[in-house]
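J.: Just passing along the structure, written as structure tokens.
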């Protein structure tokens, strides 16, 4: 299943999230000039937002109905610059916890080259039933 995110930043970036479930998720951006930094490369913040969204979707996929999650920390390593084209963030939960979920993500370009890696921790937040 592919769907546009239901939040303004995702819409602004043209991001889609696909295949979220069972501790995994994939997010996509078709990068172009609107995503560039002043040097003509895709801005790191656009890639970061895509990774954070993919990680949130993967974490959410293992939560109970009365739980939500929020990023505690996210470390990203940019391995090579990207000018344009499809970017894909594939995320997997590496350690689900009762209060903290740890995740790993790999970002590839349209040719399958690895362009960034990331790790994160998400807090599990209990919410009252509605």
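Residue numbers (the numbering used here): 6 to 135. Just so it is clear, CB atoms sit at the ideal spot from N, CA and C, and this is done for glycine as well. Since the structure is predicted, the reported quantities are computational estimates derived from the model, not experimental observations.
1) With respect to the alpha helix (DSSP H) encompassing residue 90, which residues constitute its N-terminal and C-terminal limits?
2) Cβ of residue 32 within 8 Å of Cβ of residue 55?
3) Please state whether DSSP places residue 115 in a helix, a strand or coil.
4) If I follow the unbroken beta strand (DSSP E) through residue 132, where does it start and stop?
5) Measure the C-alpha to C-alpha separation of residue 116 and residue 71 and round it to an integer number of angstroms.
T.: Walking through what the data contain:
1) Within the chain shown, residue 90 is the residue found at index 85, counting from 1. Unbroken run through residue 90 is the beta strand (DSSP E), 90–100; no alpha helix (DSSP H).
2) To locate residue 32, count along the chain shown from 1; it is residue 27. To locate residue 55, count along the chain shown from 1; it is residue 50. Going by C-beta atoms, residue 32 is nearer than 8 Å to residue 55.
3) Residue mapping note: residue 115 aligns to position 110 of the chain shown, counting from 1. Of the three classes helix, strand and coil, the one that applies to residue 115 here is coil, per DSSP.
4) Position 127 of the chain shown, counted from the start, is the residue given in the question as residue 132. Residue 132 -> no beta strand (DSSP E), and no H or E assigned at all.
5) What you label residue 116 is simply residue 111 of the chain shown in a count that begins at 1. What you label residue 71 is simply residue 66 of the chain shown in a count that begins at 1. Those two C-alpha atoms are separated by around 40 Å.
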